[in-house]
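Asks: Attaching a single structure in structure tokens format; questions to follow.
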Amino acid sequence: MKYLFVAVLSFLCAAQSISQETYAEKLGYPKGKKIIIFHIDDAGMSYEANQGTILAMEKGVANSTSVMMPCGWVPAYMKYVQQHPTTDAGVHLTLTSEWKGYRWFPISGREKVPGLLDKEGAMWSNVGDVVKHATPDEVEIEIRAQIARFRAFGVEPSHIDSHMGTLFGSAAFTERYIKVGIQEKIPVMLPGGHATLIAKERNSPAQEIQQFQQIGKMLWNAGLPVLDDLFADTYGWKLSPQTPNTEDNLRKMKTEKYIELLKEAKPGITMVIMHCAAPSENFKEITDSWPTRYGDLYAMQDPALKKFIEKEGIILTTWREMRERRAKVK
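Dropping the structure here:
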């Protein structure tokens with residue numbers, strides 16, 4: 001009887017969640033439709049990241065990106081954005097520098113944010129060390145500096161999001177992230193709706209999802225658009241060790257995974273995070289993640305994925321479109 005009660009309660013909670021109006025509907029998208037943002041992280045990180053981002057958005061179905069402002073190839077990508085002002089480009093707020101031989105540094109400078117620097121003078125390589133050593137004030141200073149650098153190129157960011165999820169590593173960091181987004185009137189990446197995929201991905205307790213939903217209401221009331229859901233685990237899609245990382249193998253595997261994900265997604269606005277890089281021998285010296293990044297690029301350009309999206313009536317959107325729609329909602 002106990003297990004039956006729990007099952008019924010879970011069913012009722014799920015039914016209630018499904019019946020609630022999604023943020024997609026609030027923004028005027030058709031009821032019951034899956035609205036997808038195919039978002040590419042890490043523009044500005046390298047030449048290959050820039051080219052992969054451009055190819056995936058110009059020749060594929062990807063339609064959004066965000067830029068790592070502390071990195072060396074930022075000016076090249078921002079020049080592209082200046083020349084293509086409709087590009088959906090946000091700030092990939094970066095507080096970590098994870099690669100061993102290729103590092104970057106806080107824009108704010110050593111004196112202002114010493115807690116963000118490791119013994120090499122670069123940003124910490126992992127989220128745990130940022131949480132351990134950096135203060136919320138230092139995090140906010142660096143967030144604002146990265147947004148300011150983006151705007152210095154004469155472009156308004158479409159949104160802000162978080163590299164490696166660092167800004168979700170501490171409640172105090174998340175608070176500053178939300179605070180800056182609201183004050184600067186920049187949409188904030190956060191799954192404030194039903195959060196179905198992200199809850200499964202993170203194995204989130206109900207309390208965490210409720211907190212996301214409360215923040216979602218806060219962002220909406222501040223006049224900003226809100227995501228219903230988020231998926232950030234495409235980085236973990238890999239071929240088996242026995243299967244070679246050829247272009248055909250990577251494309252087939254990644255495309256199948258994206259189609260499975262789209263089938264699983266619930267109605268509402270879901271942001272799907274990926275990483276695209278154009279193949280080069282140099283990029284393999286930067287990171288061993290090159291197979292998944294190449295595979296994302298191949299999948300975004302795969303006609304099979306585009307055909308599935310069209311057949312299923314899935315709607316693609318961007319942060320800029322969401323922002324425009326939100327401005328029209330009273």
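The sequence shown: position 115 = 115 (full-length UniProt numbering), numbered continuously. Beta carbons are placed, not taken as given, at the ideal position from N, Cα and C, and that holds for glycine. Computed from a predicted model, the values in this text were never measured in an experiment.
1. Pull up the distance between the alpha-carbon of D248 and that of P279, whole angstroms please.
2. So, are the CB atoms of G192 and V139 less than 8 Å apart?
3. On a Cα-Cα basis, can you pick out the residue from L250, Y294, P303 and I178 that is closest to L93?
4. Look at N126 and D88 and say whether their C-beta atoms are less than 8 Å apart.
5. Could you work out which residue in K26, R323, G115 and A122 is closest to A134 when comparing CA atoms only?
6. Could you give the C-beta distance for F150 and V61, rounded to a whole number, given that I count them as a contact under 8 Å?
7. In or out: E142 buried (at least 16 other Cβ within 10 Å) or exposed?
8. Under 6 Å Cβ to Cβ from D118, same chain only, skipping five residues before and after it: list those, please.
9. So for P191, helix, strand or coil by DSSP?
10. Tell me where the alpha helix (DSSP H) around F283 begins and ends.
11. Kindly give me the distance between the Cβ atoms of residue 334 and A265, rounded to whole angstroms, as I take these residues to be in contact under 8 Å.
12. Which full runs of the beta strand (DSSP E) of 3+ residues lie inside the stretch 180 to 231, going along the chain?
13. Going by C-alpha to C-alpha distance, which of A76, I269, H194 and Y47 sits closest to F38?
14. Does the beta-carbon distance from I182 to I160 come in below 8 Å?
15. Taking the alpha carbon of V272 as the reference point, which residue from F283, L230 and K252 has its own alpha carbon closest?
16. Taking the straight line between their C-alpha atoms, what separation do you get for Q146 and M69?
17. Closest to Q82 by C-alpha separation, out of F308, W290, Y298 and V155, would be which residue?
18. Closest by CA to L261, which one among T234, F153, A277 and V329?
19. Do P267 and A49 have their C-beta atoms closer together than 8 Å?
20. In chain order, what residues of the same chain lie with their CB nearer than 6 Å to the CB of K257, ignoring the 5 residues before and after it?
21. Assess contact between the stretch 102 to 114 and the stretch 73 to 80, defined as three or more Cβ pairs (one per stretch) separated by less than 8 Å. Is contact present?
22. Would you kindly report the start and end of the unbroken alpha helix (DSSP H) that includes A299?
23. By Cβ distance, which residues of its chain are closer than 6 Å to Q301, with the 5 residues on each side in sequence left out?
24. If you run the structure through DSSP and keep just helix, strand and coil, what is H159?
25. Excluding sequence positions up to five away, which residues of its chain have a Cβ less than 6 Å from the Cβ of T166?
26. Tell me K34's beta-bridge partners as DSSP assigns them.
27. Taking F308 as the reference, which of G44, P157, T255 and F168 has the closest Cα?
28. Note down the Cα distance separating L297 from C71, rounded to an integer number of angstroms.
29. If you measure from the CB of K33, is any heavy atom of the ligand ATP nearer than 7 Å?
30. How would you call Q213, buried or exposed, if buried means at least 16 neighbouring beta carbons within 10 angstroms?
31. In or out: G169 buried (at least 16 other Cβ within 10 Å) or exposed?
32. Checking 8 Å against the spacing of the C-beta atoms, do R323 and S158 come in under that value?
33. My assumption, with CB atoms under 8 Å, is that A172 sits in contact with P205. Please give the rounded CB distance.
34. According to DSSP, is A89 part of a helix, a strand, or is it coil?
35. How big is the Cα-Cα spacing for E21 and E321?
36. Once DSSP output is grouped into helix, strand and coil, what is the label at A43?
Replies: So, from the data block:
1. 14 Å
2. no
3. I178
4. no
5. G115
6. Not quite, the Cβ-Cβ distance comes to about 25 Å (not below 8 Å), so this is no contact.
7. buried
8. W124
9. strand
10. E281 to I286
11. No information on residue 334 is available, as it lies outside the stretch 1 to 330 that the chain covers here.
12. 229 to 231
13. I269
14. no
15. L230
16. 6 Å
17. V155
18. T234
19. no
20. W237
21. no
22. W290 to M300
23. K59 and G60
24. coil
25. L95, T96, V127 and V130
26. G268
27. T255
28. 21 Å
29. No copy of the ligand ATP occurs in the structure displayed, which carries no ligand at all.
30. buried
31. buried
32. yes
33. So it is not a contact: roughly 19 Å between Cβ atoms.
34. strand
35. 19 Å
36. strand
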